[in-house]
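Line by line, the protein sequences are chains B and L. Quick note on numbering: the first sequence equals residues 10 to 331 in this note's numbering. Quick note on numbering: the second sequence equals residues 10 to 331 in this note's numbering. I have placed the structure first, in the form of structure tokens, so that the comments after it can refer back to it.
Protein chains: 2
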Amino acid sequence: METKEIISPVKEYLIRFNDYYQDTIKSDITIINEINSYLSQRKGKQIRPAISFLVAQISGCINENTIKAATVMELLHNAALVHDDILDDSDYRRGLETVHSKWDIPTAILYADYLLALSFNLASKIKIKKINQIVSRAFKLMCEAEFLQKIKVRDIHTKEDDYFRIIYGKTASLIEATTESAAITATNDKNIINKFKKFGKYLGLLYQIQDDIIDYTSNKSVSGKSQYNDIKEKKITLPLIHSFSKIGRDNHIADMMKNGRLSDEEITQVAETVLKTGGIDYSFKYALQYHSKAIDILSKFPDSLAKSSLNKLVNYLLNRNQ
Amino acid sequence: METKEIISPVKEYLIRFNDYYQDTIKSDITIINEINSYLSQRKGKQIRPAISFLVAQISGCINENTIKAATVMELLHNAALVHDDILDDSDYRRGLETVHSKWDIPTAILYADYLLALSFNLASKIKIKKINQIVSRAFKLMCEAEFLQKIKVRDIHTKEDDYFRIIYGKTASLIEATTESAAITATNDKNIINKFKKFGKYLGLLYQIQDDIIDYTSNKSVSGKSQYNDIKEKKITLPLIHSFSKIGRDNHIADMMKNGRLSDEEITQVAETVLKTGGIDYSFKYALQYHSKAIDILSKFPDSLAKSSLNKLVNYLLNRNQ
Numbered sequence: 010m011e012t013k014e015i016i017s018p019v020k021e022y023l024i025r026f027n028d029y030y031q032d033t034i035k036s037d038i039t040i041i042n043e044i045n046s047y048l049s050q051r052k053g054k055q056i057r058p059a060i061s062f063l064v065a066q067i068s069g070c071i072n073e074n075t076i077k078a079a080t081v082m083e084l085l086h087n088a089a090l091v092h093d094d095i096l097d098d099s100d101y102r103r104g105l106e107t108v109h110s111k112w113d114i115p116t117a118i119l120y121a122d123y124l125l126a127l128s129f130n131l132a133s134k135i136k137i138k139k140i141n142q143i144v145s146r147a148f149k150l151m152c153e154a155e156f157l158q159k160i161k162v163r164d165i166h167t168k169e170d171d172y173f174r175i176i177y178g179k180t181a182s183l184i185e186a187t188t189e190s191a192a193i194t195a196t197n198d199k200n201i202i203n204k205f206k207k208f209g210k211y212l213g214l215l216y217q218i219q220d221d222i223i224d225y226t227s228n229k230s231v232s233g234k235s236q237y238n239d240i241k242e243k244k245i246t247l248p249l250i251h252s253f254s255k256i257g258r259d260n261h262i263a264d265m266m267k268n269g270r271l272s273d274e275e276i277t278q279v280a281e282t283v284l285k286t287g288g289i290d291y292s293f294k295y296a297l298q299y300h301s302k303a304i305d306i307l308s309k310f311p312d313s314l315a316k317s318s319l320n321k322l323v324n325y326l327l328n329r330n331q
Numbered sequence: 010m011e012t013k014e015i016i017s018p019v020k021e022y023l024i025r026f027n028d029y030y031q032d033t034i035k036s037d038i039t040i041i042n043e044i045n046s047y048l049s050q051r052k053g054k055q056i057r058p059a060i061s062f063l064v065a066q067i068s069g070c071i072n073e074n075t076i077k078a079a080t081v082m083e084l085l086h087n088a089a090l091v092h093d094d095i096l097d098d099s100d101y102r103r104g105l106e107t108v109h110s111k112w113d114i115p116t117a118i119l120y121a122d123y124l125l126a127l128s129f130n131l132a133s134k135i136k137i138k139k140i141n142q143i144v145s146r147a148f149k150l151m152c153e154a155e156f157l158q159k160i161k162v163r164d165i166h167t168k169e170d171d172y173f174r175i176i177y178g179k180t181a182s183l184i185e186a187t188t189e190s191a192a193i194t195a196t197n198d199k200n201i202i203n204k205f206k207k208f209g210k211y212l213g214l215l216y217q218i219q220d221d222i223i224d225y226t227s228n229k230s231v232s233g234k235s236q237y238n239d240i241k242e243k244k245i246t247l248p249l250i251h252s253f254s255k256i257g258r259d260n261h262i263a264d265m266m267k268n269g270r271l272s273d274e275e276i277t278q279v280a281e282t283v284l285k286t287g288g289i290d291y292s293f294k295y296a297l298q299y300h301s302k303a304i305d306i307l308s309k310f311p312d313s314l315a316k317s318s319l320n321k322l323v324n325y326l327l328n329r330n331q
């Protein structure tokens with residue numbers, strides 16, 4: 010509902026973007042097209058490409074390069090999702106079987122590689138050299154963050170710095186690259202480009218912190234995600250890092266996060282401790298900080314439909330509870 | 010022995026290349042460095058980077074960008090190897106356990122992604138926009154060829170065109186990208202760049218056709234590869250495609266290649282049929298063609314140590330029997 014409102018000023022561009030994306034991924038190799046059309050059932054809310062167009066609109070004007078840059082980012086994002094699903098051994102994503110589950114791991118690896126190749130190939134055809142740097146840097150940060158996240162599972166000594174590096178790498182770097190590259194297609198003004206680069210970073214951090222809060226607070230799975238996933242998977246996110254700083258690491262909660270599978274009762278115990286020790290409030294303060302930083306950047310630009318959409322988006326990310 | 014001679018004119022650059030490569034891949038994330046140093050045990054003959062330097066030498070001069078471009082290609086190549094080993098379910102490569110076998114599939118996927126990210130990131134930092142196009146195009150061709158190869162396994166109707174598209178994509182496109190990008194770092198002369206692009210393509214095709222011949226003709230595993238691998242894996246390569254064109258597809262040989270696991274006796278039967286029907290001679294004619302095309306290109310350049318090395322390399326690729 011709210012997201013429809015957010016994307017509405019750039020709706021016509023999203024149609025062109027979809028056509029361009031589908032055109033870019035199609036191949037004369039049957040199996041690639043089979044996966045393409047299978048995945049096209051899962052189109053999503055299109056917030057990411059909408060951000061590209063809204064940013065470009067505010068920065069100057071939307072043009073062919075904006076559509077291409079949005080496609081570059083979407084290709085990278087979708088490649089990462091296919092690889093992530095293998096890494097996390099997820100059989101479903103938003104109700105649809107994952108590629109490695111429907112086909113097999115080799116096919117999924119290759120398909121993701123194919124999308125990556127298309128992403129970098131398309132980036133290289135945009136006549137702005139910087140785009141290649143932006144997208145490959147984001148991909149590098151994403152890979153490093155995935156490694157770090159893997160290492161930090163069950164590590165009760167995970168620091169806030171580790172946490173922020175992980176969420177910056179795995180989530181914010183892509184949004185940062187999306188907003189920076191969108192701005193670059195629309196203007197030469199380094200000041201504007203830099204502002205939108207930061208805006209994307211804050212947006213991504215806000216999004217991920219809220220996601221990690223929601224894992225503790227959502228009552229029911231509406232989004233297809235079940236509650237307490239992070240506890241189950243022994244991911245030590247910001248709320249829990251804060252709790253450990255309060256209760257120390259020489260206790261039953263720490264032991265449970267270090268060791269084997271948890272029972273439902275144990276999971277609830279961890280969650281309750283996080284709530285009692287203020288882990289959620291503490292994390293929400295960070296979310297609020299990034300929210301106001303993002304809003305602050307937008308306030309520097311003259312009012313417009315696009316700006317109002319981005320404002321709505323930032324507020325939506327702060328207030329969502331699923 | 011012979012390969013040492015080939016790389017000797019650019020030995021000092023290979024040392025600088027190795028340092029640069031190791032510098033590029035090192036990380037502050039422990040597991041990445043563990044894999045890096047593990048894989049550094051398997052340095053290989055360094056023919057690929059040597060080709061970069063020899064080509065740049067002949068095209069103009071070797072410079073910092075040549076070292077970077079060679080590193081871009083090596084990163085792409087090594088990423089592809091890690092992914093390939095997962096796809097082929099290989100536990101060993103040249104005597105060393107593969108990454109997914111020593112660690113696990115998620116780690117191997119991530120590590121390969123990391124190398125890919127570094128490759129594209131480094132390419133984006135070379136101040137020649139074309140390099141990004143060259144490397145991403147090669148990667149795209151590699152992915153498509155892997156898909157095509159996967160589809161064409163057991164397909165007795167595989168055509169020569171399919172075969173050439175596969176070997177161009179999976180092998181020649183990378184060598185072509187290596188020689189083209191090396192030349193681009195050394196000269197602006199489009200004629201020279203184009204010549205070396207073609208040279209790389211012919212070199213790659215020659216290499217792969219010979220590899221596919223050797224699978225039928227080598228008596229013993231010296232290179233760590235066992236004989237008749239392609240028959241075992243039901244890969245229909247040029248020698249067998251030719252045989253099918255002679256004996257048709259309505260026979261025991263075709264049935265064996267279509268269906269389940271083959272006994273040693275059956276494997277020998279396929280191999281003998283290929284030899285008897287001239288599959289090897291036919292394929293060797295193609296190898297000879299690409300050999301002379303490559304030699305012909307070199308003949309257009311003035312004599313030099315580097316040129317003589319590349320001549321030796323082309324001859325070596327034609328005459329090797331392991």
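The C-beta atom is built at its ideal place from N, Cα and C for all residues, glycine as well.
Taking 6 Å as the limit between beta carbons, can you name the residues of its chain near residue i, skipping five residues before and five after?
| i | result |
| --- | --- |
| B:F62 | V19, Y22, I71 |
| B:Y295 | I218 |
| L:A315 | P18, L63, Q66, I67 |
| L:S99 | T107 |
| L:S190 | A78, I140, I143 |
| L:I118 | none |
Just the chain B side, please: which residues come within less than 7 Å of residue i by C-beta, in chain order?
| i | result |
| --- | --- |
| L:V146 | Correcting the residue type first, residue 146 of chain L is Arg in the shown sequence and not Val. Neighbours of L:R146 on chain B, chain order: N130. |
| L:F156 | I38, I40, I41, L119 |
So which residues of chain L does residue i contact, with C-beta pairs closer than 7 Å?
| i | result |
| --- | --- |
| B:C391 | Because chain B spans 10 through 331 in this model, residue 391 of chain B falls outside it and cannot be assessed. |
| B:H5 | The shown model of chain B, from 10 to 331, leaves out residue 5 of chain B, and the question about it has no answer. |
| B:K35 | Per Cβ cutoff of 7 Å: no residues; B:K35 is ~12 Å from chain L at best. |
Which residues in the same chain as residue i place their Cβ atom closer than 8 Å to its Cβ, once the five residues preceding and following it in sequence are excluded?
| i | result |
| --- | --- |
| B:D221 | I176, D239, T246, L247, P248, S292 |
| B:K6 | Nothing about residue 6 of chain B can be reported from this structure: the residues present for chain B run from 10 to 331 only. |
| L:A154 | R174, I175, I176, Y177, G178, K179, S182 |
| L:R258 | I165, H166 |
| L:T33 | T80, L84, L127, L131 |
| B:L271 | I240, K241, M265, V279 |
| L:R25 | I76 |
What residue does the alpha helix (DSSP H) around residue i start on, and which one ends it?
| i | result |
| --- | --- |
| L:N45 | 39 to 48 |
| L:Q298 | 288 to 308 |
| B:S190 | 182 to 195 |
| B:L271 | Taken as a continuous stretch (DSSP letters only), B:L271 belongs to no alpha helix (DSSP H), as it is neither H nor E. |
| B:V323 | 314 to 328 |
| B:R25 | 20 to 34 |
| L:E351 | There is no way to answer for residue 351 of chain L, as the model of chain L reaches only from 10 to 331. |
| L:P248 | 247 to 256 |
| B:T167 | Taken as a continuous stretch (DSSP letters only), B:T167 belongs to no alpha helix (DSSP H), as it is neither H nor E. |
| L:D198 | Run containing L:D198: none; DSSP gives neither H nor E here. |
Which residues in chain B have a C-beta closer than 8 Å to the C-beta of residue i? List them in chain order.
| i | result |
| --- | --- |
| L:I160 | I38, T39, I40 |
| L:Q142 | N130, S133, K134 |
| L:K149 | Y123, A126, L127, N130 |
| L:K111 | Within 8 Å Cβ-Cβ: nothing; L:K111 doesn't reach chain B, min ~16 Å. |
So residue i contacts chain L; which residues on that side make the cut at Cβ distance below 8 Å?
| i | result |
| --- | --- |
| B:I114 | I95, I114 |
To which residues of the same chain is residue i closer than 7 Å at the C-beta, ignoring the five residues directly before and after it?
| i | result |
| --- | --- |
| L:Y30 | T80, E83 |
| L:A89 | M151 |
| L:A59 | I15, I16, V19, L23 |
| B:H261 | none |
| B:N45 | I34, K35 |
| L:A280 | Y225, Y237, I240 |
Across which residues does DSSP place residue i in a beta bridge pair?
| i | result |
| --- | --- |
| B:Y101 | B:E106 |
Residues of chain L with CB closer than 9 Å to the CB of residue i, please, in chain order.
| i | result |
| --- | --- |
| B:K138 | S133, K136, K138, N141 |
My parser needs the beta strand (DSSP E) runs of 3 or more residues fully inside the stretch 131 to 165 of chain B; what are they? If we require 3 residues or more, the stretch 131 to 165 of chain B turns out to have no beta strand (DSSP E) run fully inside it.
Enumerate, from N- to C-terminal direction, the unbroken alpha helix (DSSP H) stretches of 4 or more residues contained entirely within the stretch 52 to 98 of chain L. DSSP runs (the alpha helix (DSSP H)) wholly in the stretch 52 to 98 of chain L: 56 to 68, 73 to 96.
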